[in-house]
DNA sequence: TTAATATGTGTTATTCTGACGCAATGTAAT
DNA sequence: ATTACATTGCGTCAGAATAACACATATTAA
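Protein chains in written order, with the numbering used here: chain A, 64 to 314; chain B, 64 to 314.
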């Protein structure tokens, strides 16, 4: 990819990039898929550039697919970042040398990049970080333990989480984050983790079932400590309908 | 501006622009500030390009200020648009000739442009469309009577309105759209116009006053038909507080 | 067998919402 | 002047939604 860009500047939209905040849920933790590029000490959000002949939404889906292997996943553009100094000194002389980028080609990287942020909600278990494939280290990291990131990626991540929290009040969330069959307590943990606050079990159950997007299965989760909780799945039709119409009208 | 870009490509971020949806409220109508460029039959959203040494938010504020003369106004980035063909054929050979742009310079305009959408809420009465100043025709147009627009500007406008409607449920709106003193019925009309639906007078009053952002003034509106309504103003401190914390928690 | 933990279901008081009644104020028509 | 009409201000009431909490059940660990 990098090599392609160095050799074929013209194929990519100049000064513009995409960064993806890929959320997963596992072990009651909200995880973020981060990568560490060769020669870099800091982690970063998976991102990429935009072919001039590709819609930006398509480019984002491509990047997501490239990193996770999944397709057709929930992906949402949430904000665009363009502070003048956001990528200043990122590709300095030393870095360019390390990466074997000739200096005259390096100017392409040294312009100010505006980056479009997308966040994705994926099923943790379906994604196996495949470091070998991309020559980068790819890892799921608990969002509470995200280390220092390059550039303004921490700010981008925070903003994504912020948007996700807001969206939680406007639409149902979980379909793409949980496995097909799940329990109400699991769903509640997801909500609690995203919102970073405790919710009342009984009130949560009532509210979430009232939305009408859940199907109670005639099946209990097994191999669990304590009382076996019932399994549920999403009623996809109803789910899509609510996604379209929103949850609370407000006015 | 156009001349500056033609001569100094390098000063501007290539392939990237900003478009502003400027909302105002007057005569019980939600108005949008539109412009018509010389040589164009279609109207368009006021927009501009991004100096490489300017934050995108700053660039948006500059564009807004350039068109309206106002500063420090509510301005929010809401989405970024980047379909491949969105500005295809916009600066075709004929147009370039009309605008006196040499063909080799015209290539700058013919790349795919990604545009960042901002919407602004301004006090209608404070803005006098000044066509003379910009050589373009600038006009307030009722959002229900917006004619055909260039490129995907209609889509951008729709999306802005959509976001505004959603935001209405998350935060108070009106501070920058109404004059300092206003009546509850006026505020209600604003809400009804944005949402495009009727609200119950009495329930609206209860709900809006419960938010705690209004100050009832010891003054009535005069020169009105029928019973004179009371005047209110926003309690700016409380307003800002609610803006920060949001309206409905939901969960 | 008992303690501890987590799930499933129900209750109650309070608040919020939607739908509507009615008196007060001011304009316009007769 | 009197009446009809439109608009505002304030209030009521039933039903829905919400927050806080009680109790029974299932399962494991001591």
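Ideal Cβ positions, reconstructed from N, Cα and C, are used throughout, including at glycine.
Within the same chain, Cβ atoms closer than 8 angstroms to the Cβ of residue 245 (chain B) are found at 237, 294, 295 and 296, the five residues on either side in sequence being excluded. Annotated as proximal: residue 190 (chain A) and residue 131 (chain A), with beta-carbon spacing under 8 angstroms. As the crow flies, the alpha-carbon of residue 96 (chain B) is around 11 angstroms from that of residue 182 (chain B). Boundaries of the beta strand (DSSP E) around residue 95 (chain A): 92-99. For residue 283 (chain A), the closest of A:277, A:292, A:172 and A:276 by C-alpha to C-alpha distance is A:292. Residue 275 (chain A) counts as exposed, since fewer than 16 other beta carbons sit within 10 angstroms of its beta carbon. The beta carbon of residue 174 (chain A) is closer than 8 angstroms to those of 77 and 78 in its chain, skipping five residues each way along the sequence.
Taking C-alpha positions only, residue 228 (chain A) is separated from residue 186 (chain A) by approximately 18 angstroms. Looking at the DSSP output, residue 144 (chain A) shares a beta bridge with A:178. Residue environment for residue 235 (chain B): buried (at least 16 other C-beta atoms within 10 angstroms of its C-beta). Chain-order list of chain B residues neighbouring residue 77 (chain A): 77 and 78, by C-beta distance under 8 angstroms. Within the model, the alpha-carbon separation for residue 240 (chain A) versus residue 307 (chain A) is close to 18 angstroms.
For residue 221 (chain B), the closest C-alpha among the options B:86, B:72 and B:136 is that of B:86.
Beta-bridge partners of residue 114 (chain A) (DSSP): A:75. In this structure, the CA atom of residue 165 (chain B) is about 7 angstroms from the CA atom of residue 159 (chain B). According to DSSP, residue 201 (chain A) shares a beta bridge with A:98. Rounded to the nearest whole angstrom, the C-alpha separation of residue 204 (chain A) and residue 66 (chain A) is 28 angstroms. The residue from B:267, B:73, B:198 and B:128 with its alpha-carbon nearest to that of residue 101 (chain B) is B:198.
Rounded to the nearest whole angstrom, the CA to CA distance from residue 179 (chain A) to residue 309 (chain A) is 25 angstroms. Against chain B, the beta carbon of residue 262 (chain A) has neighbours under 7 angstroms at 314, listed in chain order.
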